[in-house]
Amino acid sequence: MNCRKGIVVVAGLFVALLGGMRTAPVQAAADPYYVDDMASANEVNGAAIADPLEPVNRFFFEFNDRLYFWVLKPVSTGYSNVVAEDVRMSIRDFFHNLLAPVRIVNNLLQGKMKNTATEVGRFVINSTLGVAGFGDPAKNEFGLERKEEDLGQTLGVYGAGEGFYICWPLLGPSSLRDTVGLAGDSFLNPLAYVMASDFGAGAGAYGGREVNNTSLTLGDYEDFKEAAFDPYLAVRDAYQQYRRNKVIDASQNGSLYKEQTSGEKQP
Amino acid sequence: MRFPRNILVIGLSLFFMVTAPGGRVVAAPAEPLAVVRQAVDSILVIMQDKKLSGAAKKEERRKRISVVVGGYFDFEEMSMRTLARHWKDRTPEERKQFVGLFRQLLERTYIDKVDNYCRELDASCTGKVVVFKRQEQQGNKAVVYTVFVRNNVETPVEYKLKNEAGKWQVYDVVIEGVSLVRNYRTQFESIITREQFSGLIVKMEEKIKKGEPMENARK
Chain Z
1 MNCRKGIVVV
11 AGLFVALLGG
21 MRTAPVQAAA
31 DPYYVDDMAS
41 ANEVNGAAIA
51 DPLEPVNRFF
61 FEFNDRLYFW
71 VLKPVSTGYS
81 NVVAEDVRMS
91 IRDFFHNLLA
101 PVRIVNNLLQ
111 GKMKNTATEV
121 GRFVINSTLG
131 VAGFGDPAKN
141 EFGLERKEED
151 LGQTLGVYGA
161 GEGFYICWPL
171 LGPSSLRDTV
181 GLAGDSFLNP
191 LAYVMASDFG
201 AGAGAYGGRE
211 VNNTSLTLGD
221 YEDFKEAAFD
231 PYLAVRDAYQ
241 QYRRNKVIDA
251 SQNGSLYKEQ
261 TSGEKQP
Chain G
1001 MRFPRNILVI
1011 GLSLFFMVTA
1021 PGGRVVAAPA
1031 EPLAVVRQAV
1041 DSILVIMQDK
1051 KLSGAAKKEE
1061 RRKRISVVVG
1071 GYFDFEEMSM
1081 RTLARHWKDR
1091 TPEERKQFVG
1101 LFRQLLERTY
1111 IDKVDNYCRE
1121 LDASCTGKVV
1131 VFKRQEQQGN
1141 KAVVYTVFVR
1151 NNVETPVEYK
1161 LKNEAGKWQV
1171 YDVVIEGVSL
1181 VRNYRTQFES
1191 IITREQFSGL
1201 IVKMEEKIKK
1211 GEPMENARK
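Chains Z and G, in that order, give the protein sequences.
First residue of the first sequence: 1, per the working numbering; consecutive thereafter.
First residue of the second sequence: 1001, per the working numbering; consecutive thereafter.
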């Protein structure tokens, strides 16, 4: 428990710091080749994320890279040969359902009442009709789409900058803000409680989830690396763009998802 | 874990995407959405062509796709945006060289991905994998929203287009908020800063070469 208290204190300090750490305004904005009048909702223009820890980050990037090729990939490949794909997708849905409290609370914290209700509905339906989350009838039968939110995004919505880039061993790419978010979200994460009471069981659950989810995306990391000139930079930039997009909900603000929830699935 | 590696990754590999379209022939080619759908359809036709199937015809398939892609993608606009501030320092020859290399590189990387992915999905490439959502237009720019579905996971993919002389062409693909152009821009910026433009050209040529033996090995 001491450890948890420590995290909260540290998290509080970080949040206090974040206000002052917003990334500098777009230095290249005046460059006509950057200017994109359709970028408003979709592309995140602006400076690259600060990376004062680059040497350390690159070290852990390498570490994670080797971990993937030496351990995660062989294990996931073996696993995918034994377990059928639809079973693996069900297991993925089960782990996803476990994190519903995180999504519900963060939708609420961001004042997204409709999405909060959607996530509550999804959790109830999938935990019961979906048999403890192994299925997704909420989406397939009721047309309730996922509304992904986490504390990192909530802090972003509140105006916290991303801080700087961190590549964690095992966890992979993150930022100062998202790390704080992750620590906060762990209070709503059942797996974190399992881990706190029984480290072995928790580590097993996290590992199992990682192996299961990786088995559904084998080859993707290799493709990504192959397409990149500097895989470290490619991942860092992709992470930054991906998270900024999540904070401003660019994809959801477009009517991308509205059509699906209202138009289809009429009984 | 909270950064779904798969999303980016598939994303970037889906540059030239394949789909089962709702309507085959689109009547109004002036609409950006129709243009993207046409591009995807044309690629699909090549993928489904029985005369072009099999590993032996891979090179032929790739050539044909490259021709189609050339009509729908504006590689010069793409290169300009990727080099960003370094573009204006380039001579016309350098620009031409860069556009050529960048195009080769993208095609080499992504056409094969689509090809492999297609085989993996189902032999005839007919699985319903892309849903066209809508378009947004602002003067001579447009965004086409699509959703890519794989393993029950939906990934938003947006195509950005520019209209020049009455023709819509794609200049960027944004997957889960990650712009392909910006992703390369970040990498190229860093290479140019350290090794000049000439260093970047060398790296690009190396990368294109490196792709070739693998190509032959797979045959």
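Here a beta-carbon is modelled for each residue, glycine too, at the ideal position from N, C-alpha and C.
What you are looking at is a predicted structure, and each value in this text was computed from that prediction instead of being measured.
Under 8 Å between C-beta atoms of residue i and residue j
i: Asp237 of chain Z; j: Ala48 of chain Z; result: yes
i: Leu109 of chain Z; j: Thr154 of chain Z; result: yes
i: Leu1200 of chain G; j: Ile1192 of chain G; result: yes
i: Asn115 of chain Z; j: Lys139 of chain Z; result: no
i: Tyr221 of chain Z; j: Asn57 of chain Z; result: no
i: Asn106 of chain Z; j: Glu162 of chain Z; result: no
i: Tyr1072 of chain G; j: Val1170 of chain G; result: yes
i: Ala228 of chain Z; j: Gln1187 of chain G; result: yes
i: Phe60 of chain Z; j: Tyr232 of chain Z; result: no
i: Ile104 of chain Z; j: Phe134 of chain Z; result: no
i: Phe1102 of chain G; j: Met1078 of chain G; result: yes
i: Gly152 of chain Z; j: Gly181 of chain Z; result: yes
i: Val102 of chain Z; j: Val211 of chain Z; result: no
C-alpha gap between residue i and residue j, whole angstroms
i: Asp185 of chain Z; j: Glu1136 of chain G; result: 36 Å
i: Arg268 of chain Z; j: Ser90 of chain Z; result: Residue 268 of chain Z falls outside the range modelled here, since chain Z spans only 1 to 267, and no answer is possible.
i: Lys1203 of chain G; j: Ala234 of chain Z; result: 15 Å
i: Phe199 of chain Z; j: Leu170 of chain Z; result: 16 Å
i: Val1130 of chain G; j: Gly156 of chain Z; result: 31 Å
i: Tyr158 of chain Z; j: Leu53 of chain Z; result: 25 Å
i: Met195 of chain Z; j: Leu188 of chain Z; result: 13 Å
i: Ser175 of chain Z; j: Val1036 of chain G; result: 35 Å
i: Leu144 of chain Z; j: Val131 of chain Z; result: 17 Å
i: Met113 of chain Z; j: Val120 of chain Z; result: 10 Å
i: Asp1172 of chain G; j: Asp1041 of chain G; result: 19 Å
i: Val1147 of chain G; j: Pro173 of chain Z; result: 25 Å
i: Gly1220 of chain G; j: Trp1168 of chain G; result: Residue 1220 of chain G falls outside the range modelled here, since chain G spans only 1001 to 1219, and no answer is possible.
i: Lys1063 of chain G; j: Val1069 of chain G; result: 10 Å
i: Leu1044 of chain G; j: Glu1107 of chain G; result: 16 Å
i: Ile1089 of chain G; j: Arg1194 of chain G; result: Checking the sequence shown, residue 1089 of chain G turns out to be Asp, not Ile. The alpha-carbon atoms of Asp1089 of chain G and Arg1194 of chain G are separated by roughly 16 Å.
i: Asp249 of chain Z; j: Ala1056 of chain G; result: 45 Å
i: Lys246 of chain Z; j: Pro1156 of chain G; result: 12 Å
i: Arg1095 of chain G; j: Phe1075 of chain G; result: 11 Å
i: Glu207 of chain Z; j: Arg1134 of chain G; result: Looking at the sequence itself, residue 207 of chain Z is Gly, so the reference to Glu does not match. When rounded, the distance between both Cα atoms is 39 Å.
i: Glu1206 of chain G; j: Glu1154 of chain G; result: 35 Å
i: Asp93 of chain Z; j: Ser1198 of chain G; result: 48 Å
i: Val1067 of chain G; j: Asn81 of chain Z; result: 38 Å
Reduced DSSP category for residue i - H, G, I as helix; E, B as strand; rest coil
i: Gln110 of chain Z; result: coil
i: Ser80 of chain Z; result: helix
i: Gln27 of chain Z; result: With a pLDDT of 39 at Gln27 of chain Z, under the threshold of 50, the modelled position of this residue cannot be trusted; read the value that follows with caution. Note: Gln27 of chain Z maps to coil in three-state DSSP.
i: Asn189 of chain Z; result: coil
i: Leu151 of chain Z; result: helix
i: Tyr158 of chain Z; result: coil
i: Pro173 of chain Z; result: strand
i: Ile1175 of chain G; result: strand
i: Glu1206 of chain G; result: helix
i: Ile49 of chain Z; result: coil
i: Leu216 of chain Z; result: coil
i: Glu317 of chain Z; result: An answer regarding residue 317 of chain Z cannot be provided, because it is not within the stretch 1 to 267 covered by chain Z.
i: Val75 of chain Z; result: helix
i: Asn115 of chain Z; result: helix
i: Phe1188 of chain G; result: helix
i: Arg1090 of chain G; result: coil
i: Leu99 of chain Z; result: coil
i: Leu18 of chain Z; result: Caution applies to Leu18 of chain Z, whose pLDDT of 46 falls short of 50 and renders its modelled position unreliable; the value that the coordinates give is listed next. Helix.
i: Val1147 of chain G; result: strand
i: Asn1222 of chain G; result: Look at the range of chain G in this structure, 1001 to 1219, and you will see that residue 1222 of chain G is not part of it.
i: Asn1140 of chain G; result: coil
i: Glu1158 of chain G; result: strand
Assigned exposure category for residue i - 16 Cβ within 10 Å defines buried
i: Glu1189 of chain G; result: buried
i: Phe69 of chain Z; result: exposed
i: Thr128 of chain Z; result: exposed
i: Ala100 of chain Z; result: buried
i: Glu1093 of chain G; result: exposed
i: Ala39 of chain Z; result: Residue placement at Ala39 of chain Z is flagged as unreliable, the pLDDT there being 46, under the threshold of 50; the coordinate-derived value follows with that caveat. Ala39 of chain Z should be labelled buried.
i: Arg66 of chain Z; result: exposed
i: Ser197 of chain Z; result: exposed
i: Asn1151 of chain G; result: exposed
i: Gln1196 of chain G; result: exposed
i: Ala1165 of chain G; result: exposed
i: Val1144 of chain G; result: buried
message: Pairs of beta-carbons, one from the region 1031-1041 of chain G and one from the region 1149-1161 of chain G, closer than 8 Å: are there three or more?
response: Yes, since at least three Cβ pairs between the region 1031-1041 of chain G and the region 1149-1161 of chain G fall closer than 8 Å, the two stretches touch.
- prompt: Quick check: the region 1167-1182 of chain G against the region 238-247 of chain Z, are there 3 or more CB pairs under 8 Å?
  reply: Yes: at least three Cβ pairs fall under 8 Å.
message: Contact between the region 214-226 of chain Z and the region 74-85 of chain Z is defined here as three or more beta-carbon pairs at a separation below 8 Å; is this criterion met?
response: Under the 8 Å Cβ criterion, the region 214-226 of chain Z counts as touching the region 74-85 of chain Z, having at least three qualifying pairs.
- prompt: Given 8 Å as the limit, is there contact between the region 1073-1087 of chain G and the region 1040-1055 of chain G, that is, 3 or more CB pairs closer than that?
  reply: They do not touch, by the three-pair rule.
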